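One structure is given here, and the rest of the page talks about it.
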Amino acid sequence: MGDPKPEDAQDRFSRKSRTAAAPANSTNPKPLRRAGTDVIPLVPASWRRKSGRAGNLFESFYHAFHGIAIGLRDQRNLRIHFSMSVLVTIAGLALKIDTTSWFALIIVMALVISLEFVNTSLEHLVDISANNQYHYAARCAKDTAASAVLVVSFAAMIVGGIIFVPKLLSLF
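Written out as structure tokens, the structure is:
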């Protein structure tokens, strides 16, 4: 098979719902949309570069929010964690929890979501470095990163239980 071309490696990471690439001899002018390369047409062209440092603070924020959008679009577990954070926030507002409890909830929600982003990034880097081939070390790296998210998720459930169970029991 040989080494994959960089274009082929990028295609493996694109979403399944994307259109397939046209054959080389095709006259199809539409370029293949790759995962994570969609940009808002209103941003300056200099922000669309593929690597290098961000030029200014606004560009840094643009890339950060673009990463959040990619994660929410492509990662099911991230959408689940984000949805649970929204539900916990609504429950906290409805049950009127105290300031200390809010601090604890905000910290554990941020930890879970942040670790999910780190896990996603690590999985993509491992896939790239392993050329999408199976390697036991790649599996261990991905599994241990996922276990970090699992541990923090369990801790967040315990914190949520400590905060919400007494509030819910007092309603009955």
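Numbering-wise, the sequence shown is residues 368 to 539 according to the working numbering.
The beta carbon of each residue, even a glycine, is placed where N, CA and C say it ideally should be.
Remember, it's a predicted structure, so these values are computed and weren't measured experimentally.
(message) When you compare the CB positions of Leu492 and Val516, do they come within less than 7 Å of one another, or not?
(response) When the beta-carbon positions are compared, Leu492 and Val516 stay at least 7 Å from each other.
(request) Could you check how far apart the C-beta atoms of Phe449 and Leu439 are, in whole angstroms? I think they sit under 8 Å. (result) Right, their Cβ atoms sit about 6 Å apart.
(request) Determine, using beta carbons only, whether Val526 and Val475 come nearer to each other than 7 Å. (result) Yes, they are a contact pair.
(message) What residue range does the alpha helix (DSSP H) around Ala504 cover?
(response) Tyr503 to Ser537 is the extent of the alpha helix (DSSP H) around Ala504.
(request) Pull up the distance between the alpha-carbon of His502 and that of Val485, whole angstroms please. (result) When rounded, the separation of the alpha-carbon atoms in His502 and Val485 is 20 Å.
(message) Let me make sure I understand the geometry here. Which of Lys509, Ile473 and Leu445 has the alpha-carbon closest to that of Ile457?
(response) Distances from the alpha-carbon of Ile457 to those of Lys509, Ile473 and Leu445 put Ile473 closest.
(message) Restricting to Cα atoms, I'd like to know which of Lys534, Ser496, Gly459 and Leu489 is closest to Ala512.
(response) Of the listed residues, the one whose Cα sits closest to Ala512 is Leu489.
(message) Once DSSP output is grouped into helix, strand and coil, what is the label at Asp494?
(response) Residue state for Asp494 is assigned as helix, using DSSP reduced to three classes.
(request) Return yes when the Cβ of Leu478 is within less than 7 Å of the Cβ of Val518, no when it is not. (result) Result no, Cβ atoms of Val518 and Leu478 do not sit closer than 7 Å.
(message) Using the three-state DSSP reduction, which class does Ala402 fall into: helix, strand or coil?
(response) Residue confidence is low: Ala402 scores 49 on pLDDT, short of 50, so the model does not pin down where it sits. No coordinate-derived value is stated.
(message) Just to confirm before moving on: does the CB-CB distance between Lys534 and Leu462 stay below 7 Å?
(response) Yes, the Cβ-Cβ distance between Lys534 and Leu462 is below 7 Å.
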